[in-house]
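In what follows, a structure is listed as structure tokens, so that the remarks can point back to it.
Residue numbers (full-length UniProt numbering): 1 to 121.
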């Protein structure tokens with residue numbers, strides 16, 4: 001498949017595909033005699049996987065570290081569950097940290113309001 005066809009089928013831009021190639025996220029395409037990139041059809045599933053993973057907060061480095069297999073499912077269910085569970089734990093930690101930061105901010109706001117309202121001597 002040509003780059004425009006693969007991009008349309010996967011719902012990404014051609015520049016994104018070139019970027020993934022340059023960064024080593026996907027294997028470089030074979031080149032035809034005319035110099036055009038020729039991509040395998042199964043790349044569509046991989047590109048969709050990459051986009052979905054990024055949408056869930058995975059970095060390109062994390063995505064690139066996953067062992068990808070060919071076919072409609074780029075990684076095994078066991079690997080996906082392991083990775084998603086770890087990402088969920090990281091999100092939980094971020095939420096806890098944000099809640100603690102909010103508590104500290106609220107406390108400081110309360111203290112400042114008390115100081116603002118108390119009579120000055």
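For every residue, glycine included, the Cβ atom is placed at its ideal position computed from N, Cα and C.
Note that the structure is a prediction, hence the values are computed from the model and not measured.
Tell me the rounded alpha-carbon separation between residue 102 and residue 37. Here the question's residue 102 lines up with position 102 in the chain shown. Here the question's residue 37 lines up with position 37 in the chain shown. Rounded to the nearest angstrom, the two C-alpha atoms are 51 Å apart.
Nonlocal neighbours in the same chain, by C-beta distance under 7 Å from residue 10, ignoring five residues either side: As a position in the chain shown, residue 10 is number 10, starting the count at 1. Only 44, 47 and 48 meet the Cβ criterion.
When burial is assigned at 16 or more other CB atoms within 10 Å of the CB, is residue 29 buried or exposed? Here residue 29 is taken as the residue at index 29 of the chain shown, counted from 1. Residue 29 should be labelled buried.
Do you know how far the Cα of residue 88 is from the Cα of residue 115? Residue numbering aside, residue 115 sits at position 115 when the chain shown is read from its first letter. Residue numbering aside, residue 88 sits at position 88 when the chain shown is read from its first letter. Linking residue 115 to residue 88 through their CA atoms gives a straight-line distance of about 41 Å.
I think residue 39 touches residue 3, with their Cβ atoms under 8 Å apart; what is that distance to the nearest whole Å? If you number the chain shown from 1, residue 39 lands on position 39. If you number the chain shown from 1, residue 3 lands on position 3. The C-beta separation of residue 39 from residue 3 comes to about 7 Å, placing the pair in contact by the 8 Å criterion.
Which one of 12, 117 and 41 has the shortest CA to CA distance from residue 122? No answer is possible for residue 122: the residues shown for the chain start at 1 and end at 121.
For the putative contact between residue 12 and residue 51, defined by C-beta atoms under 8 Å, what is the C-beta separation to the nearest angstrom? Taking the first residue of the chain shown as position 1, residue 12 is located at position 12. Taking the first residue of the chain shown as position 1, residue 51 is located at position 51. 6 Å between Cβ atoms; contact.
What separation, rounded to the nearest whole angstrom, lies between the Cα atoms of residue 82 and residue 62? Translated into positions along the chain shown, residue 82 becomes position 82. Translated into positions along the chain shown, residue 62 becomes position 62. Separation of residue 82 and residue 62 (C-alpha to C-alpha, rounded to the nearest whole angstrom) is 13 Å.
Name the one or two DSSP bridge partners that residue 30 has. For this step, residue 30 is matched to residue 30 along the chain shown. Paired residues: 38.
Looking at the structure shown, is residue 56 part of a helix, part of a strand, or coil, going by DSSP? Within the chain shown, the letter at position 56 stands for residue 56. DSSP places residue 56 in the coil class of the three-state scheme, outside both helix and strand.
By the 10 Å Cβ neighbour count, where 16 or more other Cβ atoms means buried, how is residue 33 classified, buried or exposed? Here residue 33 corresponds to residue number 33 of the chain shown, with the count starting at 1. Taking every protein chain shown into account, the CB of residue 33 has fewer than 16 other CB atoms within 10 angstroms, so this residue is exposed.
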